[in-house]
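One structure is given here, and the rest of the page talks about it.
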Amino acid sequence: MAGETPITVVGNVVADPELRFTPAGAAVANFRIASTPRTFDRVTNEWKDGDTLFLSVSVWRQQAENVAESIKRGDRVIVVGRLGQRQYEKDGERKSSYEVQAEDVGPALKNASAQVTKNGQQNGQQQRAQGYGQGYGQQAPQQGYGAPQADQWSTQQPRQGYTDEPPF
39 MAGETPITVV GNVVADPELR FTPAGAAVAN FRIASTPRTF DRVTNEWKDG
89 DTLFLSVSVW RQQAENVAES IKRGDRVIVV GRLGQRQYEK DGERKSSYEV
139 QAEDVGPALK NASAQVTKNG QQNGQQQRAQ GYGQGYGQQA PQQGYGAPQA
189 DQWSTQQPRQ GYTDEPPF
């Protein structure tokens with residue numbers, strides 16, 4: 039990411055994400071977010087809104103499909119990515135617009151909750167159709183791909199005795 043401007047923005051989704059596909063078949067989702075800073079005015083003893091920043095966000099490939107399925111207008115999200123500026127001419131006047139090329143998009147959980155469902159490792163749509171890509175707390179297949187496996191990085195030895203002890 040040399041020479042690029044990394045950015046993290048928390049804001050509200052202004053309109054439902056629009057999912058499109060390139061001629062090569064790559065998915066891209068575009069949406070806009072509004073981020074309004076709030077400051078506390080000690081003189082009046084109240085919160086005040088600052089100027090709202092509107093940013094366009096683009097998300098690519100499988101994440102674009104996940105965003106289109108998961109995020110909707112009004113949701114508060116956290117977007118991490120690279121900030122880019124696009125210049126164009128409109129009515130003979132040179133203008134600029136800013137866009138975030140998102141690396142990650144997720145719901146902000148300060149005032150909301152979410153349930154995460156994992157996609158499979160390659161093509162999430164295809165693997166969900168085959169019964170893979172189970173969500174947290176769901177039963178995984180017992181044989182073949184996705185079968186539960188021992189933690190190869192664990193340094194803990196199995197304990198004898200109580201089964202309700204924490205593993206430390």
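Going by the numbering used here, the sequence shown opens with residue 39, and the numbers climb by one from there. We put the beta carbon where it would ideally sit given N, CA and C, even for glycine.
Go ahead and pull the three-state DSSP assignment for residue i.
i	result
residue 104	helix
residue 111	coil
residue 80	coil
residue 54	coil
residue 119	strand
residue 148	coil
May I have the straight-line CA-CA distance separating residue i from residue j, to the nearest angstrom?
i	j	result
residue 154	residue 145	10 Å
residue 116	residue 127	31 Å
residue 54	residue 69	7 Å
residue 74	residue 130	31 Å
residue 143	residue 101	8 Å
residue 50	residue 148	13 Å
residue 118	residue 65	19 Å
residue 97	residue 139	6 Å
residue 136	residue 124	6 Å
residue 76	residue 62	43 Å
residue 41	residue 83	42 Å
residue 99	residue 113	21 Å
residue 95	residue 132	22 Å
residue 79	residue 151	30 Å
Please check if any C-beta of chain B sits within less than 8 Å of the C-beta of residue i.
i	result
residue 93	Considering every chain present, this structure includes no chain B. It has just one protein chain.
Beta strand (DSSP E) containing residue i: first to last residue?
i	result
residue 44	43-51
residue 70	65-73
residue 145	131-145
residue 95	91-98
Contact check, residue i vs residue j under 8 Å by CB: the rounded distance?
i	j	result
residue 45	residue 120	7 Å
residue 48	residue 93	Residue 48 to residue 93, Cβ: 11 Å. No contact.
Query raised in the report: Hey, is the segment 46-61 in contact with the segment 101-112, meaning 3+ C-beta pairs nearer than 8 Å?
Result: yes
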